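Peer 1: Have a look at this one before I ask anything.
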Amino acid sequence: MGFYPKLANTLLQSQVSVYLFAACSTYVDLASVGLLANTTGGQIHYYNPFKSSTHGNALLSDVHHVISRPRVFESLMRVRLSQGLTVQEYLGRHSPNTQDDFDLPGLHSEQSFAIELTHDGKLAPVSGMPSSTPCAYAQTALLFTTLKGERRVRIHTLALPISDRVPDVFAHSDLDAMVMFLHKKTLKLVLESNFGKVREYLMKVCVDLLAAYRSSCVPASTSSGQLILPETLKLLPLFVLSMTKHPMLRSGADVRADLRISSLFTAATASLECAGAYVYPRCFRVDNLEREDLGKVHPSGQVILPEPVPLASEKFDPSGAYLFDDGVSMLLHLGRSVPSEVVSALCVAVPNSNRLEIAAEDSSSLSLNGRFHTVIGHIRKQRRRLHMYVEVVRAGDPRENALVFAKYVEDRTTQTKSYMEFLIQLHRVIMQKLNA
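Here the sequence shown stands for residues 237 to 672, numbered as in the numbering used here.
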């Protein structure tokens, strides 16, 4: 056993969680060092290339957020299930003790984990419960120590309706939860195998689900030339394609090793709200906020956001300015033909550099600058990152390919299919599976 695995086990036995803040400009071997955070229930925050003038506030805010958010220590969780269900696997930052319980040295208010269950027998009715509402039950008991040193137990019990109809299962599927599960499963598989097998696994999950839906929920008279997607999971193929095109799984030497590892760890620890956005960012056009009367606070208190822009190059106007939000950071891309008055309203030049940064907020909340700051302030509040960094990239910047064009996941590249090509391939594989 190497140095870092030994250290990780020592920390785990001492109930210590590691949070790694990598503010660097060179290779730091996150694959090895990051094992400490992955094993002990911590997180990795990666800032590369780090510059105090641009990343300093984000680093300070992230450190403050990690320290100040609600948390407990020395946690032990046990899962109990109805007869006919068993735990197959725990996914998340933890160390399993037995099949029934696992350790969580530190547990914070935004942490998530997944439990994969196996249906290995008939779900028997539970005594004392009404037979008109057959349910399977899952109960988790969490034993933990508070900041005040008090030992407590928190119990959650779920009653899950049982159905023998496949359409009911698909009708109540949760896409966000599924994407979060796939992120955690991806990290585990990468640590055990290779990237090619992980991409194959994601494709297999997508094919198996959609083939089951077509065979059980679609009338036989439906044309075999038409791809049928369940309403609740109609975006599953898009998220699967986005995961394979993301730096965490994308093939090619253009992805630095540290960036790949930090991306995998970040995806695996993303909250339910951010799991999808991390691989398929939200994108808003922001140069026309004044013309469209957007980016202001509605009387109800909600911020009026622009309509999201699909991540395909044909949807982007070279005279526009677009804001990307992946739940971790934001990026403002200025097209080649953006009017100078828009650039000056949104950005200022970085001293001794040819780059731009976000301009300070002016006094008018209804100016373009004010509306733009209202939008990014709203996003920061949603993501619970008060100093969520905004990178500015204009057309022609050497970083444009890696930071902007790589986000156009619906486009075709030299190594990957477009979204439409992927759907065609997916349909072909599904039909081959059903006709086999």
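For glycine and all other residues, C-beta sits at the position ideal for the given N, C-alpha and C. Just so we're clear, the structure is a prediction, and the values are computed from it rather than from any experiment.
According to the Cβ coordinates, are residue 554 and residue 572 closer than 9 Å?
Peer 2: Yes, they are a contact pair.
Peer 1: Tell me the start and end of each unbroken beta strand (DSSP E) in the segment 281-334 that is at least 3 residues and wholly inside, in chain order.
Peer 2: Here the runs fully enclosed are 307-317, 321-327.
Peer 1: Do residue 321 and residue 359 have their CB atoms nearer than 9 Å?
Peer 2: In contact: residue 321 and residue 359 (Cβ atoms closer than 9 Å).
Peer 1: Which residue from 586, 625, 504 puts its Cα closest to that of residue 560?
Peer 2: Measuring from the Cα of residue 560, the nearest candidate turns out to be 625.
Peer 1: Just the Cα atoms here: how many angstroms apart are residue 342 and residue 251?
Peer 2: In a straight line, the C-alpha of residue 342 is about 7 Å away from that of residue 251.
Peer 1: Can you tell me the Cα-Cα spacing of residue 487 and residue 535, whole angstroms?
Peer 2: Straight-line Cα distance between these residues: approximately 48 Å.
Peer 1: Quick one, are the C-beta atoms of residue 621 and residue 294 less than 9 Å apart?
Peer 2: Contact flag set, yes.
Peer 1: Nearest to residue 450 by alpha carbon, out of 470, 432, 578, 438?
Peer 2: Comparing Cα-Cα distances from residue 450 to each of 470, 432, 578, 438, the minimum goes to 470.
Peer 1: Applying the criterion that 16 or more other CB atoms from any shown protein chain within 10 Å of the CB defines a buried residue, is residue 421 buried or exposed?
Peer 2: By the 10 Å Cβ count, residue 421 comes out buried.
Peer 1: How many angstroms separate the CA atom of residue 418 from the CA atom of residue 327?
Peer 2: Straight-line Cα distance between these residues: approximately 10 Å.
Peer 1: Can you give the Cα-Cα distance for residue 268 and residue 241, rounded to whole angstroms?
Peer 2: Computed Cα separation, rounded: 8 Å.
Peer 1: Alpha helix (DSSP H) containing residue 255: first to last residue?
Peer 2: Here residue 255 belongs to no alpha helix (DSSP H), and DSSP marks it neither H nor E.
Peer 1: Enumerate in chain order the residues of its own chain whose CB-to-CB distance from residue 318 is below 7 Å, with the five nearest sequence positions on each side excluded.
Peer 2: Within the same chain, residue 318 has close Cβ partners 359, 362, 372, 373.
Peer 1: Closest to residue 350 by CA distance: which of 299, 414, 643, 603 is it?
Peer 2: The option with the nearest alpha carbon to residue 350 is 414.
Peer 1: Which term fits residue 263, buried or exposed, when burial requires 16 or more other beta carbons within 10 angstroms of its beta carbon?
Peer 2: With fewer than 16 other Cβ atoms within 10 Å, it is exposed.
Peer 1: Would you report the Cα separation of residue 459 and residue 667, rounded to the nearest angstrom?
Peer 2: The alpha-carbon atoms of residue 459 and residue 667 are separated by roughly 11 Å.
Peer 1: What ranges does the alpha helix (DSSP H) occupy inside the segment 531-599, keeping only unbroken runs of at least 4 residues that lie completely in it?
Peer 2: Correct list: 576-582.
Peer 1: With 16 other CB atoms within 10 Å as the buried threshold, where does residue 299 fall?
Peer 2: Looking at its Cβ environment, which holds fewer than 16 other Cβ atoms inside 10 Å, residue 299 is exposed.
Peer 1: With residue 660 as the anchor, note down where its alpha helix (DSSP H) starts and where it stops.
Peer 2: Unbroken alpha helix (DSSP H) run through residue 660: 655-671.
Peer 1: Which class does residue 518 belong to by DSSP, given the choice of helix, strand or coil?
Peer 2: In this structure, residue 518 counts as strand in the three-state DSSP scheme.
Peer 1: Inspect the CB distances between the segment 646-664 and the segment 472-488 and report whether three or more fall short of 8 Å.
Peer 2: The segment 646-664, when compared against the segment 472-488, does touch it at the 8 Å Cβ threshold.
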